[in-house]
Amino acid sequence: MPPRGPDDPLAPARAARYAPPMFDGIEITIAEEGGKLAARVRPAPALPLARLIAGKSPEEAATLLPRLFSLCRSAQEAAARLSLGLDPGDSAAALHRELLRDHLLKLGLTWPQLLGLPPAPLPRPGTEAEALFGPARHLPDTPAALARWRAEGTGAAPLLAALDRAFAPGEAVANLAPVTDDTALAAAPVENSPGLRHAAHPLLRAIEASHGRGPLWRALGRLADVEAALAGRLPAPRRLPDGTALAAAARGLYALRLDTEGGRVTGLTRRTPTDHMLAPGGMLDQSIATLSATKRPLAALVVDLLDPCVACTLKETRDA
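Each step along the sequence shown adds one to the number in the numbering used here, with nothing skipped, and position 153 is 153.
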């Protein structure tokens, strides 16, 4: 059995709760089957969103929907307003602030603690680039530059070094087709993550080639997302011809379509990055399946790196 005492650095994550109150909670069981690991997900019932907003005016629905969730409210509000044909307002600036806050919490507090590193205080506004990237104030472009940064040990470099030590190349990876406009609303196992937005970044391309889309790649994707948010370069929310709205969220691409008739909302179709992550054969399944059984205690960290946006309890079982 993995360590369970006070010296277990992953103890806080074993009973972690990744808000929000939309669900009573999902249960992820990490099972060992024939020497390999597998993730079993027990879903919880979601709020009856379609019923809650049915019959409401577009303005009422666009106001109510984001209030039902504690995470990604700006992304959900922007998508709702766009889908309903309403003025999205200053949604781009709100999205940048929302993503920056969520990423800073993961990079500076949650993940360092799970790796046994000291947490970093949240940087003051205007100091985020130096706090995360050191004097260079930007993400390196090459593995050689990444190695030099790690040697300097500034900003998030110790976190990246710890991830590289914890996971071998090819461990905890998922190899999936990227989410597209056509699959954004589908219940399909696709890659839908912050890293995907920056998959063409030279460093992410190099790490994908050498390590796969695993923990190091996903952490670098968050850092690239921070860099884009600070520069105001995140993709703007947009509306597809069928009324589906797409918005950049902290965990990937959020998709929503709200149908109306006679000035009232009549239907809702919604898909979050977590939906794609938890789909059978999706990012969670593949990441756990490619984690060595000897590194079973790191499963909690893998789940947190994927970052489901629902209340989540992690359990473990052995071979039946």
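By construction, the Cβ of each residue, glycine as well, lies at the ideal position given by its N, Cα and C atoms.
If you reduce the DSSP assignment to three classes, tell me which class residue i lands in.
i, result
"R251", "coil"
"D164", "helix"
"V302", "helix"
"G267", "strand"
"D285", "helix"
"T183", "coil"
"E227", "helix"
"K56", "coil"
"E98", "helix"
"P21", "Because P21 sits at a pLDDT of 35, beneath the cut-off of 50, its placement in the model cannot be relied upon, and the point is left open."
"E261", "strand"
"E208", "helix"
"E171", "coil"
"L37", "strand"
So which of the options has the shortest CA-CA distance to residue i?
i, options, result
"A250", "A46, I30 and A94", "A94"
"F167", "P45, S287 and E33", "S287"
"L234", "L240, L109, L100 and P241", "L100"
"A229", "V41, R51 and H96", "H96"
"S91", "C312, L203, K106 and R73", "R73"
"D102", "I28, D225, P280 and G263", "D225"
"E227", "G126, K56 and R148", "G126"
"L203", "A147, I28 and L71", "A147"
Going along the chain, which residues of its own chain have a beta-carbon closer than 6 Å to the beta-carbon of residue i, five neighbours each way excluded?
i, result
"G137", "First, the amino acid is wrong: residue 137 is Arg here, not Gly. Only A129 and E130 meet the Cβ criterion."
"A174", "R213, M283, Q286 and S287"
"A247", "A75, A78, A79, P237 and Y254"
"G243", "S83 and R257"
"G55", "R264"
"T183", "V190"
"M1", "No answer about M1 holds up, because its pLDDT of 33 lies below 50 and its placement is not dependable."
Are residue i and residue j touching if we call contact CB-CB under 8 Å?
i, j, result
"A75", "E98", "yes"
"T274", "A206", "no"
"T266", "T260", "yes"
"L240", "D181", "yes"
"S210", "P178", "no"
"R222", "P194", "yes"
"L122", "A156", "no"
"L109", "L159", "no"
"I30", "C312", "no"
"N192", "G281", "no"
Can you grab the Cα-Cα spacing for the pair residue i / residue j, in whole Å?
i, j, result
"C309", "P43", "13 Å"
"D87", "L115", "43 Å"
"A322", "P66", "Here the chain covers residues 1 to 320 and nothing more, so residue 322 does not appear."
"A161", "E208", "16 Å"
"R218", "G89", "31 Å"
"R150", "T290", "26 Å"
"L49", "G134", "44 Å"
"R17", "P140", "Because the pLDDT at R17 is just 32, under 50, the model does not fix this residue reliably, and the point stays unresolved."
"P297", "W111", "14 Å"
"L278", "V41", "7 Å"
"R197", "E60", "31 Å"
"A145", "L163", "17 Å"
"L220", "K315", "28 Å"
"I328", "H276", "Nothing can be reported for residue 328: it is not among the residues displayed for the chain, which extend from 1 to 320."
"L71", "G232", "21 Å"
"T317", "A39", "10 Å"
"L187", "D304", "Contrary to the premise, residue 187 reads as Ala rather than Leu in this sequence. Whole-angstrom Cα-Cα distance: 21 Å."
Starting from the C-beta of residue i, find all residues in its chain whose C-beta is less than 8 Å away, skip the five residues before and the five after it, and write them out in chain order.
i, result
"A293", "E32, G35, K36 and L37"
Here's a check: name, in chain order, each residue in its chain whose Cβ is nearer than 7 Å to the Cβ of residue i, leaving out the five neighbours to either side.
i, result
"A62", "E77, A80, R81, L84 and L86"
"L185", "T244, A255, R257, T269 and R271"
"A172", "G214, P215, S287, T290, L291 and V302"
"I53", "A61, L64, L65, V265 and L268"
"P118", "P112"
"S57", "G263 and R264"
Does any residue of chain B bring its CB to less than 8 Å from the CB of residue i?
i, result
"A188", "No chain B is part of this structure, which consists of one protein chain only."
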